[in-house]
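Numbering (the UniProt record's numbering), first residue to last: 1 to 425.
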């Protein structure tokens, strides 16, 4: 870490304790209690029908009161770069399970809203789950409950009758003027044969600037002696179970905390399952590898002075476009992972029922823009190696042409009015 414990700026790097008390223990339970029957109908059971990709942006209202994506990425001086990008505090990509309550109803329902101190939902956009900027109409977002209602018509079936899932995405924009804004979510744990004081159900509050989420599991010495990375069987986030092989989490024995590779603004509910047994004890004795987060290593950046959380610096590089997508040699965003784990995430979300994942190919091939950053010394930092990055679309509804100019209809000739949606023309 860059800061000593307790120093200014260290909060975003430190694990947080569970404020134990009442908590939502399942996504299904929360949706069942808050879903509007006007949209989803009446029903006693909820089936997993689709998965929605969710992007959550948080904007500093002190720097950009307008709080919209157009304002965030606006190029006021015409130099080809946003003049307000420093107002973005966080961006998280996650997945939400869409449930069917009543087969006769017209909508599925999912939990997408974030709980951020002092924040308001200032914009949201729904689109196809790719970078083509084609908007999707008919979504309904309830800010009070954080639920989204998605027309069932967007979930098509293949020739086998399997649902073609993950074809839609939603982008939520929250604006807060709270300089110490925190994202809160519900936490629960199930610990079998684990000794000591282990975190129980309650609330977690994490600074919105945190890039990953750290939760203290071991509250005393006995728990720290009892828990290791192999003690954790799985971590369920937003109703999706992440197993050790998926590279989404790891355990920090020094702090007694779980580290989960998702920004806290993308988490609504987290549940950790732990157990201890003879087999795990043998694994510990022989020092077998523990689960680790699978994070891309893009290289080394040497700072000339102590860096700060949220610090930005400018580099020289080349942005470019490839119609067939960014291939080997380019580091893909975590949500893409070169297709390695997103497919399993969707299978886990759907309970391993028969589904069509062909939309993942569309999403992966849509990463057509990349950035090449050569090794360089900027005066602020020294980059010791070349970096090659595939760029993920972070503004639903905006289309850039191959020259990175805003041109909503360049690859969508049926969109005559340039709103990103050919169906309204």
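Glycine included, every Cβ here is placed at the ideal spot set by N, Cα and C.
Coarse secondary structure for residue i, derived from DSSP in three states
i: residue 85; result: helix
i: residue 454; result: The displayed coordinates of the chain run from 1 to 425. Any statement about residue 454 would go beyond what the structure contains.
i: residue 24; result: coil
i: residue 15; result: coil
i: residue 188; result: strand
i: residue 229; result: helix
i: residue 357; result: coil
i: residue 64; result: coil
i: residue 294; result: coil
i: residue 142; result: strand
i: residue 101; result: coil
i: residue 251; result: strand
i: residue 178; result: coil
i: residue 272; result: strand
i: residue 58; result: strand
i: residue 48; result: strand
i: residue 40; result: helix
i: residue 193; result: coil
i: residue 70; result: helix
i: residue 33; result: helix
i: residue 396; result: coil
Counterpart residues of residue i in DSSP-defined beta bridges
i: residue 376; result: 383
i: residue 157; result: 163
i: residue 214; result: 259
i: residue 198; result: 218
i: residue 265; result: Residue 265 is not bridged to any residue.
i: residue 370; result: 320, 390
i: residue 110; result: 148
i: residue 345; result: Residue 345 pairs with nothing; no bridge assigned.
i: residue 53; result: 95, 169
i: residue 307; result: According to DSSP, residue 307 bridges with nothing at all.
i: residue 135; result: 127
Residue i versus residue j: straight-line alpha-carbon distance, rounded
i: residue 147; j: residue 266; result: 14 Å
i: residue 221; j: residue 231; result: 16 Å
i: residue 259; j: residue 356; result: 31 Å
i: residue 300; j: residue 385; result: 7 Å
i: residue 151; j: residue 343; result: 23 Å
i: residue 143; j: residue 116; result: 12 Å
i: residue 46; j: residue 100; result: 5 Å
i: residue 268; j: residue 246; result: 20 Å
i: residue 349; j: residue 291; result: 21 Å
i: residue 390; j: residue 317; result: 13 Å
i: residue 270; j: residue 243; result: 13 Å
i: residue 126; j: residue 172; result: 9 Å
i: residue 155; j: residue 38; result: 20 Å
i: residue 395; j: residue 368; result: 15 Å
i: residue 397; j: residue 135; result: 6 Å
i: residue 49; j: residue 183; result: 28 Å
i: residue 238; j: residue 345; result: 11 Å
i: residue 307; j: residue 211; result: 15 Å
i: residue 219; j: residue 273; result: 16 Å
i: residue 206; j: residue 262; result: 12 Å
i: residue 392; j: residue 111; result: 23 Å
i: residue 381; j: residue 313; result: 8 Å
i: residue 68; j: residue 36; result: 27 Å
i: residue 16; j: residue 34; result: 28 Å
Cβ neighbour criterion (16 or more within 10 Å) applied to residue i
i: residue 285; result: Residue confidence is low: residue 285 scores 45 on pLDDT, short of 50, so the model does not pin down where it sits. Its coordinate-derived value is still stated next. So residue 285 ends up on the exposed side.
i: residue 352; result: exposed
i: residue 193; result: exposed
i: residue 6; result: At residue 6 the pLDDT is 38, less than 50, meaning the model places this residue with poor confidence; the figure from the coordinates comes in the next sentence. By the neighbour-count rule (16 or more Cβ atoms within 10 Å), residue 6 is not buried but exposed.
i: residue 186; result: buried
i: residue 163; result: buried
i: residue 72; result: buried
i: residue 378; result: exposed
i: residue 62; result: exposed
i: residue 158; result: exposed
i: residue 217; result: buried
i: residue 372; result: exposed
i: residue 339; result: Since pLDDT at residue 339 reaches only 43, below the 50 mark, its modelled position is unreliable, and the value read off the structure follows with that caveat. It is exposed - the Cβ of residue 339 has fewer than 16 other Cβ atoms within 10 Å.
i: residue 289; result: exposed
i: residue 304; result: exposed
i: residue 326; result: buried
i: residue 161; result: exposed
i: residue 370; result: buried
C-beta neighbour in chain C for residue i, strict 9 Å
i: residue 317; result: Structure shown: chain C not included; a single protein chain is present.
Residue i CB to nearest heavy atom of the ligand HEM below 8 Å
i: residue 157; result: As far as ligands go, the structure on display features none, and thus does not contain the ligand HEM.
(request) Please determine if the stretch 136 to 145 and the stretch 71 to 87 are in contact, where contact requires at least 3 C-beta pairs separated by less than 8 Å. (result) no
(message) When you compare the stretch 160 to 178 with the stretch 199 to 206, are there three or more beta-carbon pairs, one atom per stretch, that lie closer than 8 Å?
(response) no
(message) Closer than 8 Å is the cut-off here; do at least three beta carbon pairs connect the stretch 21 to 37 with the stretch 82 to 92?
(response) no
(request) Spell out a yes or no on whether the stretch 90 to 100 and the stretch 53 to 68 are touching, meaning 3 or more CB-CB pairs, one atom from each, closer than 8 Å. (result) yes
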